[in-house]
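Enquirer: Chains as they are written, first to last, in our numbering: chain D, 47 to 462; chain L, 47 to 462.
From the three backbone atoms N, C-alpha and C, an ideal C-beta is built for every residue, glycine too.
Predicted model only: the values in this text are computed from it and were never measured.
The structure's right below; bear with me while I get my questions together.
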């Protein structure tokens, strides 16, 4: 079970990642933006890495790329993540989980036919960096992609999502057929970097991930009265920026009080000039918590805080939905598998919820799922500075491999 | 002195303003954007209104349009304001002061040669709505226009200021020559709408203006650390939007405490997306007070509040100048002239400082100056909704005329 004598070689995962960075990165960071030639180049490397193995490589109706190592039985363990990156992104985000999966197929193939089938998947357009719709491929497979909403999306250059994906063989009208990929899938394991500073702050390299936090994301529109900055007395103003300031501080306090996270990331004032009191201010709201109850409480308090802040400045506030996803706790048996593996590799039982969304957030809706995190230096991601100590990458691949072996055993036993 | 029997007809001022609105306005408001054909159309109406009078009409090296009614002596009273408007602006802002001046020349010309010279001026580009440099023509005449800074200004369509004004005969290299227009000028009187709600809130139509408030205008740049909205714990953030929220509330309190005005009109966050803690936030700061001492105190408190707010969130803050102008108290003798006129017309001695800048702010630097305000319905200006009750417009023109007569007497006596 501990596979210390297996042919899984974490150093090869690091070597594959470095080759990918050479191939698709540069001084400005990774360039594997989805649905572009650079992304296809990354996928070509993925195919080439598997070319000597007895695997079947297929693309599904949503653009996801699958590599199957058929086992004695059809029950399937899926592992993977995504090769696409944000523009000027990091070398590890997504790629780590895919390359760790490639090494898993190498190790298993070297041992002959596995007892169950194992697949590595490269999910399409996890980042949503061009069209604003993240988790594209994994949501499509699970059936949670809003196809009509996706159809009308346009990137900065004016390219339509539907036309762009069509150039890659994806027809939005038949994308639902990709769900057949989940037949026989009994477990999903994803290795990813933390993209946050917590492991580093604890002096650790890896941990078990308990689930992904639920998210409420909205746009708040505060409405007051635009006025001349010189002629409107303070006491007669209905200043939406002051209402937003009260609200933003209250929102942060709500996040702290519930041990969740809350963020005001974007602010826009109208008319938005130095000489005018803002008569309308729009802000984005993002809040996350691993507990559905806490998230619901935070959401209710946010609404009250916004109304109170608006009223204090003679303004009103309205709410527009952007996105929401419930907390996705991972599977108890797979969590035990991950915990045992982390304990073997780094000798502790630290576990964290993921504050970031991952393809695992979608897959966990319908398939027993677990994740392992590797630390992030400075907590940085989505930037060329994204990095992880190589020793942590090797530990992470090792713990991932051990978790996969345990998941295969659970599947073989019919326990998941 | 009270000129109740004079030929000055306030109703003609209103009629001229309505004709101008017909000529250069519409459903979306006034379109007299400076250096455009619509603005030239307004100037053509100004010329036409004076065509039957014995006046000399000249354009100076800064693009200001002057109409001189020569008197027995060269000492000169100048009155006026500006015909240019912001895009979709109001019908009264600037135009009221010019048309009240036209009527003054009509009344004086009907009486024969006046004892001193009287000129009406239409200052060029008061609004600065295209290139961001307001008070263009009046600053040029006074010598406070930063010609090198103006040279590089570009409008939204990419037109350069220097090329645009050249099409109207203005050469930035020789614009300083326009200062000769102030030779012999002994007083300046400007009638304008309040553009604020104070007169309306007092149930009044007109008042004396004591001066224009001093302004400090800066850009503040708060710097912290951009981070992922899901993975960065609240207690490890360096969130610039939270720093800005603390600062904006403190700035408003500073304005209230000193009975001045303070405004945060524009906010921009980087990266400025719903999923990121803002690592940098830029805000504009505008503060105004009629007392130089109070303005200086407000400015010092603003800087301290910004540093305190930044420090409270682990951020730093820097300051970039945008614009500043000291308070411009008007001339004591001309203030007395205005007070007496307002008293005669509306029977009270209410006076206000102007929170907005006017061409009078520039002229008052070097010439004895005073202004009269007419009320603004709802305090609105720079919008098509800008309006003033017609009775107030007529009272304002009447008080303006009486003030001009008193100013002419002061000049004739050598008292200003």
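In chain L, which residues lie less than 7 Å from residue 332 of chain D when you measure between Cβ atoms?
Expert: 275, 320 and 321
Enquirer: Candidates L/289, L/330, L/299 and L/244: which alpha carbon is nearest residue 282 of chain D's?
Expert: L/244
Enquirer: I want to see whether chain D comes within less than 9 Å of residue 255 of chain L, judged by CB atoms only; does it?
Expert: no
Enquirer: If the cut is a Cβ gap below 8 Å, which residues of chain D does residue 402 of chain L touch?
Expert: 274, 276 and 277
Enquirer: For residue 50 of chain D, which residues of its own chain have a beta-carbon under 6 Å away from its beta-carbon, when the five flanking residues on both sides are left out?
Expert: Reliability of the predicted coordinates at residue 50 of chain D is poor, the pLDDT of 46 falling under 50, and no value is obtained from them.
Enquirer: Would you mind sorting residue 198 of chain L into buried or exposed? The rule is 16 or more other CB atoms within 10 Å of its CB.
Expert: The residue in question, residue 198 of chain L, is exposed, as its Cβ has fewer than 16 Cβ neighbours within 10 Å.
Enquirer: Pick from D/132, D/392, D/206 and D/229: whose alpha carbon is nearest that of residue 218 of chain D?
Expert: D/206
Enquirer: Over the uninterrupted alpha helix (DSSP H) stretch that includes residue 349 of chain D, give me the two end residues.
Expert: 338 to 358
Enquirer: Return the bridge partner residues of residue 326 of chain D from the DSSP annotation.
Expert: In the DSSP assignment, residue 326 of chain D is bridged to D/269 and D/316.
Enquirer: Is residue 444 of chain D helix, strand or coil by DSSP?
Expert: Shown here, residue 444 of chain D sits in a helix according to DSSP, grouped into three states.
Enquirer: Here's the rule: buried if 16 or more other CB atoms are within 10 angstroms of the residue's CB, otherwise exposed. What is residue 102 of chain L?
Expert: exposed
Enquirer: Look at the alpha carbon of residue 374 of chain D and the alpha carbon of residue 360 of chain L, and state the distance between them as a whole number of angstroms.
Expert: Just so you know, the alpha carbons of residue 374 of chain D and residue 360 of chain L end up roughly 32 Å apart.
Enquirer: Can the beta-carbon of residue 399 of chain L be found closer than 9 Å to that of residue 277 of chain L?
Expert: no
Enquirer: Taking only runs of the beta strand (DSSP E) that begin and end inside the segment 66 to 146 of chain L, which ones reach a length of at least 3 residues, in chain order?
Expert: 102 to 105, 111 to 115 and 119 to 127
Enquirer: Under 8 Å Cβ to Cβ from residue 462 of chain D, same chain only, skipping five residues before and after it: list those, please.
Expert: 232, 233, 377, 379, 380, 414, 453 and 456
Enquirer: Who are the near neighbours of residue 215 of chain L in its chain, counting only those whose CB is closer than 8 Å to its CB and skipping five residues on each side?
Expert: 105 and 109
Enquirer: Taking the continuous beta strand (DSSP E) assigned at residue 370 of chain L, which residues delimit it?
Expert: From DSSP, the beta strand (DSSP E) with residue 370 of chain L extends over 362 to 371.
Enquirer: By the 10 Å Cβ neighbour count, where 16 or more other Cβ atoms means buried, how is residue 248 of chain D classified, buried or exposed?
Expert: Burial is judged here by how many other beta carbons sit within 10 angstroms of a residue's own beta carbon; residue 248 of chain D has fewer than 16 and is exposed.
Enquirer: Using three-state DSSP, classify residue 376 of chain D as helix, strand or coil.
Expert: In this structure, residue 376 of chain D counts as coil in the three-state DSSP scheme.
Enquirer: Spatial neighbours of residue 185 of chain D within its chain, please: CB distance less than 7 Å, with the 5 preceding and 5 following residues excluded, ordered by chain position.
Expert: Cβ within range, chain order: 191 and 408.
Enquirer: From the DSSP output, in three-state form, read off residue 480 of chain D for me.
Expert: In the structure displayed, chain D extends from 47 to 462; residue 480 of chain D sits before or after that span and is not available.
Enquirer: Should the segment 410 to 428 of chain D be called in touch with the segment 284 to 298 of chain L, which here means at least 3 C-beta pairs below 8 Å?
Expert: no
Enquirer: Take every Cβ of the segment 341 to 353 of chain L, pair it with every Cβ of the segment 323 to 333 of chain L, and state whether three or more of those distances are shorter than 8 Å.
Expert: yes
Enquirer: Helix, strand or coil: how does DSSP classify residue 454 of chain D here?
Expert: Looking at residue 454 of chain D - three-state DSSP - the assignment turns out to be helix.
Enquirer: Name the chain D residues whose beta carbon is nearer than 8 Å to that of residue 270 of chain L?
Expert: By Cβ distance, chain D contributes nothing, its closest Cβ being about 13 Å from residue 270 of chain L, past 8 Å.
Enquirer: What are the start and end residues of the beta strand (DSSP E) that includes residue 307 of chain D?
Expert: 307 to 309
Enquirer: Looking only at its chain, what residues have a beta carbon closer than 7 Å to the beta carbon of residue 96 of chain D, apart from the 5 residues adjacent to it on each side?
Expert: 103, 113, 148 and 151
Enquirer: Would you check if the segment 79 to 87 of chain D and the segment 121 to 134 of chain D touch, i.e. whether three or more CB-CB distances between them fall below 8 Å?
Expert: yes
Enquirer: Could you list the residues in the segment 343 to 356 of chain L with a C-beta less than 7 Å from some C-beta on chain D, going in chain order?
Expert: none
Enquirer: Kindly say whether residue 454 of chain L, judged by its beta-carbon, lies nearer than 9 Å to any beta-carbon of chain D.
Expert: no
Enquirer: Reducing DSSP to helix, strand and coil, say where residue 254 of chain D ends up.
Expert: Here residue 254 of chain D sits in strand by DSSP.
Enquirer: Quick check: what's the CA-CA separation for residue 300 of chain D versus residue 352 of chain D?
Expert: 12 Å
Enquirer: Count the other CB atoms within 10 Å of the CB of residue 422 of chain L; is the residue buried (16 or more) or exposed (fewer)?
Expert: Of the other Cβ atoms in all chains shown, 16 or more fall within 10 Å of the Cβ of residue 422 of chain L; this residue is therefore buried.
Enquirer: Candidates L/222, L/310, L/142 and L/271: which alpha carbon is nearest residue 265 of chain L's?
Expert: L/310
Enquirer: Can you tell me which of the three DSSP states residue 388 of chain L falls into?
Expert: helix
Enquirer: Could you tell me the boundaries of the alpha helix (DSSP H) in which residue 291 of chain L lies?
Expert: 286 to 303
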